[in-house]
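Chains as they are written, first to last, in the working numbering: chain A, 1 to 336; chain B, 1 to 336. We treat Cβ as the ideally placed atom computed from N, Cα and C, and that holds for glycine. On a predicted model such as this, the values are computed, not experimentally measured, just so you know. Following: one structure in structure tokens, then a few remarks.
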DNA sequence: CTGAAAGCGCTTACAG
DNA sequence: CTGAAAGCGCTTACAG
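If you want it as structure tokens, here you go:
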């Protein structure tokens with residue numbers, strides 16, 4: 001079909017050219033230390049000169065390693081509107097490719113242990129996997145049993161010893177609360193995300209810790225639940241306003257809810273940030289387009305992906321890896 | 001390393017179990033019509049029963065087809081803030097996997113014909129490629145020479161016969177202009193994107209066509225150039241306002257600029273949409289969070305990905321494929 | 001329609 | 001440190 005005329009260059013060709021055996025070529029290309037320096041050099045040069053590219057399929061068949069890493073993203077609607085995934089994936093892709101590994105993009109429903117994704121991952125087609133925000137842990141447990149190395153982007157629900165990377169959700173909530181206290185705000189509320197999931201819970205916990213640092217405790221009335229949507233932020237803000245007369249600051253667990261909160265505040269005749277200061281989380285595009293521009297907790301999303309890839313690569317080499325928490329930073333704009 | 005105890009099931013196993021040869025098993029699995037129905041059925045059942053999964057590496061080595069499709073995304077900053085790419089990629093991934101093809105995610109710089117991406121694509125590691133918004137056409141031309149099938153998401157600059165899929169940029173501009181005229185607006189301006197690139201040019205052309213349909217021509221003063229950024233929209237709006245006293249409607253080539261335009265309009269004491277109506281393009285998250293909520297031209301982004309994948313699959317089968325333009329739709333909110 | 005056999009291009013004990 | 005050789009699990013002319 002494809003008129004790829006060029007006859008493929010193989011080990012035989014470069015072995016002949018370099019005056020060594022195919023085994024030696026293989027050793028050099030696989031970084032086997034047991035090769036004479038001169039011969040190694042000759043092989044490397046020949047490979048370079050002839051523009052040789054190893055055939056992955058052959059390599060995979062012989063070695064049992066495919067060199068492929070699955071990036072598994074749950075196929076619900078969240079991916080459709082959140083640039084987060086693309087950004088993390090780009091970080092992963094870059095690191096993986098630099099290490100001669102191939103990132104396979106799996107967007108599919110992960111609702112069952114026997115679904116297509118599960119099948120796929122067990123089929124030996126990949127050497128490892130990186131999961132995005134994992135909800136279904138039975139799948140994971142199964143993979144662990146099989147011995148497939150994996151890393152999770154986000155903090156897993158169960159406090160097992162899965163390897164993961166996440167941003168400092170707790171620290172983000174804490175920084176927001178501190179900023180409010182330090183700038184003299186008195187009645188500080190929060191709009192949570194889904195607090196059954198770890199990220200939402202930790203952001204709330206960090207916020208609460210900020211209260212504690214100042215010798216106070218947030219009353220229940222100061223905590224309104226949202227679901228990360230614009231409308232939920234608006235509605236939660238209305239409740240907060242109604243329940244707390246002196247309300248002068250609100251930390252929302254994401255930017256979308258924060259923008260909803262600003263709208264609700266202004267509808268109630270309040271001026272942001274004069275009457276009420278607001279901080280969001282994500283430092284997304286909507287934080288920049290918001291009026292007033294939204295102060296927000298920023299995480300290094302590309303780094304999240306790069307770190308995930310590096311953790312997995314370490315694990316593939318049987319190195320002892322530790323989960324990592326990436327720092328966050330408060331980006332000050334005009335809303336707080 | 002991985003304690004994958006299960007001995008692999010191979011063709012031999014299922015050939016023995018089904019009482020046929022390995023060749024027959026292969027034929028059945030590759031949909032070769034030349035197999036007796038009874039034997040085919042027996043093989044299919046055995047495969048099912050034994051939970052057999054074909055070894056891709058072996059298959060690739062023997063057939064010369066890898067079953068992998070590269071999704072190539074240029075590694076500039078745009079991917080970092082635009083959910084567009086993730087959404088298209090998810091559409092691609094879904095269709096590809098359903099067809100037993102594997103989506104390989106390549107995020108890298110594509111600036112040269114000899115860059116890593118070029119090398120990679122020529123190395124025979126993939127059966128085809130899908131490009132996102134292609135700038136560098138010399139690479140493409142090279143791929144065509146090699147015979148690697150590919151599809152472009154977005155309209156290529158050069159009006160060659162590359163296979164592509166794009167949304168109806170022209171129609172979007174046209175719909176916006178029509179909407180303004182039909183709702184009685186008189187002095188209608190536009191903020192363009194990068195008009196060197198096709199998308200920006202076509203959106204402008206469509207807008208101009210709307211003027212022509214109403215027997216008019218937009219004066220140069222009614223066209224302000226932007227670069228798709230928030231600030232450029234704000235600045236362009238100021239120019240538009242200064243140059244056109246009666247300005248009462250503006251079509252911006254993306255939502256970000258439209259939001260900037262709203263801000264500039266309000267800063268100038270105008271009320272949106274009463275004094276000035278504004279329409280954006282993309283129907284992104286910022287259109288929803290905007291105040292007032294932004295009317296915007298919406299494209300079906302998932303479909304864009306699915307269509308790209310289907311075009312490529314057709315091409316892989318040597319079918320005659322045609323580039324496709326997907327319809328767009330004006331989503332009415334409050335800004336127009 | 002079917003099967004025996006060669007071959008795809010690597011990797012890896014094994015023996016030296 | 002090195003090479004000859006077997007083998008990874010498929011596919012595909014070839015002969016029937």
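Integer-rounded CB distance, given that residue j should sit under 8 Å from residue i
| i | j | result |
| --- | --- | --- |
| residue 191 of chain A | residue 272 of chain A | That belief does not hold up - the Cβ atoms of residue 191 of chain A and residue 272 of chain A are roughly 14 Å apart, past 8 Å. |
| residue 210 of chain B | residue 177 of chain B | 2 Å |
| residue 128 of chain A | residue 106 of chain A | Their Cβ separation, rounded to whole angstroms, is 12 Å, which puts residue 128 of chain A and residue 106 of chain A out of contact at 8 Å. |
| residue 297 of chain B | residue 283 of chain B | 7 Å |
| residue 170 of chain B | residue 205 of chain B | 6 Å |
| residue 139 of chain A | residue 110 of chain A | 6 Å |
| residue 303 of chain A | residue 326 of chain A | 6 Å |
| residue 305 of chain A | residue 91 of chain A | 2 Å |
Run of the beta strand (DSSP E) containing residue i, from where it starts to where it stops
| i | result |
| --- | --- |
| residue 102 of chain A | 102-108 |
| residue 236 of chain A | Taken as a continuous stretch (DSSP letters only), residue 236 of chain A belongs to no beta strand (DSSP E), being part of the alpha helix (DSSP H) at 230-243. |
| residue 287 of chain B | Counting along the chain, residue 287 of chain B falls outside any beta strand (DSSP E), though it belongs to the alpha helix (DSSP H) covering 285-289. |
| residue 249 of chain B | 249-252 |
Buried or exposed by the 16-neighbour rule on C-beta atoms within 10 Å, applied to residue i
| i | result |
| --- | --- |
| residue 179 of chain B | buried |
| residue 24 of chain A | buried |
| residue 217 of chain B | exposed |
| residue 310 of chain A | buried |
| residue 183 of chain A | exposed |
| residue 335 of chain A | buried |
| residue 242 of chain B | exposed |
| residue 228 of chain B | buried |
| residue 93 of chain A | buried |
| residue 289 of chain A | buried |
| residue 4 of chain B | Because residue 4 of chain B sits at a pLDDT of 40, beneath the cut-off of 50, its placement in the model cannot be relied upon, and the point is left open. |
| residue 125 of chain B | buried |
| residue 259 of chain A | buried |
| residue 145 of chain A | exposed |
| residue 98 of chain A | exposed |
| residue 291 of chain B | buried |
| residue 248 of chain A | buried |
| residue 1 of chain A | Legend: pLDDT at residue 1 of chain A = 38, less than 50; position of this residue unreliable, value from coordinates given subsequently. Exposed, by the Cβ-count rule. |
| residue 47 of chain B | buried |
| residue 8 of chain A | exposed |
| residue 196 of chain B | exposed |
Range covered by the alpha helix (DSSP H) that runs through residue i
| i | result |
| --- | --- |
| residue 164 of chain B | Note, residue 164 of chain B: premise wrong, no alpha helix (DSSP H); beta strand (DSSP E) at 164-167. |
| residue 95 of chain B | 83-98 |
| residue 70 of chain A | From DSSP, residue 70 of chain A is part of no alpha helix (DSSP H) but of the beta strand (DSSP E) over 68-74. |
| residue 122 of chain B | 116-122 |
| residue 209 of chain B | 198-213 |
| residue 16 of chain A | 11-18 |
| residue 158 of chain A | Neither: residue 158 of chain A is in no alpha helix (DSSP H) and is coded neither H nor E. |
| residue 47 of chain A | 37-50 |
| residue 28 of chain A | 22-29 |
| residue 310 of chain B | 301-316 |
| residue 260 of chain A | 255-267 |
| residue 56 of chain B | 56-63 |
Beta-carbon spacing of residue i, residue j below 7 Å
| i | j | result |
| --- | --- | --- |
| residue 239 of chain A | residue 253 of chain A | no |
| residue 285 of chain A | residue 301 of chain B | no |
| residue 82 of chain A | residue 108 of chain A | no |
| residue 261 of chain B | residue 278 of chain B | yes |
| residue 88 of chain B | residue 307 of chain B | no |
| residue 68 of chain A | residue 14 of chain A | no |
| residue 40 of chain B | residue 28 of chain B | yes |
| residue 324 of chain A | residue 167 of chain A | no |
| residue 314 of chain A | residue 294 of chain A | no |
| residue 62 of chain A | residue 61 of chain B | no |
| residue 130 of chain A | residue 188 of chain A | no |
| residue 233 of chain A | residue 203 of chain A | no |
| residue 256 of chain A | residue 230 of chain A | yes |
| residue 151 of chain B | residue 312 of chain B | yes |
Bridge-paired residues (DSSP) for residue i
| i | result |
| --- | --- |
| residue 296 of chain B | B:280, B:331 |
| residue 132 of chain A | A:153 |
| residue 224 of chain B | B:191 |
| residue 325 of chain B | B:166 |
Residue i beta carbon near the ligand GTP (any heavy atom closer than 6 Å)
| i | result |
| --- | --- |
| residue 304 of chain A | Among the components of this structure there are no ligands whatsoever, and the ligand GTP is therefore not found. |
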